[in-house]
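Peer 1: Handing you a structure now.
Residue numbers (the working numbering): 72 to 374.
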């Protein structure tokens, strides 16, 4: 997959294109990608234009945390066999482009678009003047337009904002169902304080990106993906209050039945379900007793 950070140097032929935030790459996004793939031929490019930051954060006073960080989004699109990913860094300039310029200068001149796939609520251009009808009226008969209806899940539309709400309230299973994957953290394993090793429960420590959305602090059933292998485990998200009041925020996972040297390696920690809130114990013995109970619960779960 080729990656661009802006549109300046982009010049493609016969592109099948979609544009959007694509945060989470949920079931609605995957349907867009599926439609794109249906149009794919040997001489065409699957092209996604997305953003390095949330548009609302750039244009307003919002501070929306992302389901997928930039690196995670890149990885997920690679898994979807996208040919070209344009990760716009100058989000404001892109959003202030006129609808006419977007169609003529980007879709036609730069990308040679032959098919454009989007949701039926797609908006673009300065002041969000462009929509699906605008595309149909101003595409100069150069490309096909496919618009898809929102997918309904449990009596509501699937959206990234709805999934974020599920994550922050600890409804991980519901978020996962809409994502069609597990909400996860991908990062480099760092050294912790080795308390887990002393308790004979060594842990994998990952520091989440500051722009990554977090579920409630607590304990979760999880798996850890290392290369092509996946291991069952238990994850604590929070600041480990039993250990110290000055602990930095972390995602700490004990992998069951193996003891691997993973320092400086990239891992993916997938969350399956919420077990209990984070709690401060009087001492490490109490903590270990509780963790043993948590581990027993997770071992009996089907992950």
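For each residue, glycine too, the CB sits at the ideal point set by N, CA and C.
Any idea what DSSP makes of residue 109, helix, strand or coil?
Peer 2: Helix, per DSSP.
Peer 1: Quick one, which of 344, 76, 148, 89 has its alpha-carbon nearest residue 124's?
Peer 2: Nearest option by C-alpha distance: 76.
Peer 1: Does the Cβ of residue 335 have 16 or more other Cβ atoms within 10 Å, making it buried, or fewer, making it exposed?
Peer 2: Exposed is the call here.
Peer 1: Just checking, does the stretch 99–117 make contact with the stretch 148–157 on the three C-beta pairs under 8 Å criterion?
Peer 2: Cβ pair count under 8 Å is three or more, so yes.
Peer 1: With a threshold of 6 Å on Cβ separation, who are the neighbours of residue 213 within its own chain once the five nearest residues in sequence on each side are excluded?
Peer 2: Cβ within range, chain order: 179.
Peer 1: Give me the Cα-Cα distance between residue 194 and residue 232, rounded to the nearest whole angstrom.
Peer 2: Spanning the two alpha carbons is a distance of roughly 17 Å.
Peer 1: Taking only the alpha-carbon atoms, compute the straight-line gap between residue 369 and residue 310 and give it to the nearest angstrom.
Peer 2: One C-alpha to the other measures close to 21 Å.
Peer 1: Take the Cβ of residue 226 as the centre, count every other Cβ of all protein chains shown within 10 Å, and call the residue buried at 16 or more, exposed below.
Peer 2: The residue in question, residue 226, is exposed, as its Cβ has fewer than 16 Cβ neighbours within 10 Å.
Peer 1: Excluding the 5 residues preceding and the 5 following residue 234 in the sequence, name in chain order all residues of the same chain whose CB lies nearer than 7 Å to its CB.
Peer 2: Answer for residue 234: 95, 97, 138, 246, 249, 250, listed in chain order.
Peer 1: Here's a check: name, in chain order, each residue in its chain whose Cβ is nearer than 7 Å to the Cβ of residue 169, leaving out the five neighbours to either side.
Peer 2: Excluding residues within five positions, the ones whose Cβ falls inside 7 Å are 196, 197.
Peer 1: Residue 365 to residue 133, Cα distance in whole Å?
Peer 2: Rounded to whole angstroms, residue 365 to residue 133 spans 37 Å at the Cα level.
Peer 1: Quick one: using the 10 Å Cβ neighbour count with 16 as the cut-off for buried, is residue 320 buried or exposed?
Peer 2: Label assigned to residue 320: exposed.
Peer 1: State buried or exposed for residue 113, treating a residue as buried only when at least 16 other CB atoms are found within 10 Å of its CB.
Peer 2: Its Cβ having fewer than 16 others within 10 Å, residue 113 is exposed.
Peer 1: Among 286, 289, 322, 285, which residue has its Cα nearest to the Cα of residue 295?
Peer 2: The candidate whose alpha carbon is nearest that of residue 295 is 322.
Peer 1: Taking only the alpha-carbon atoms, compute the straight-line gap between residue 166 and residue 91 and give it to the nearest angstrom.
Peer 2: Each residue's Cα considered, the two are about 11 Å apart.
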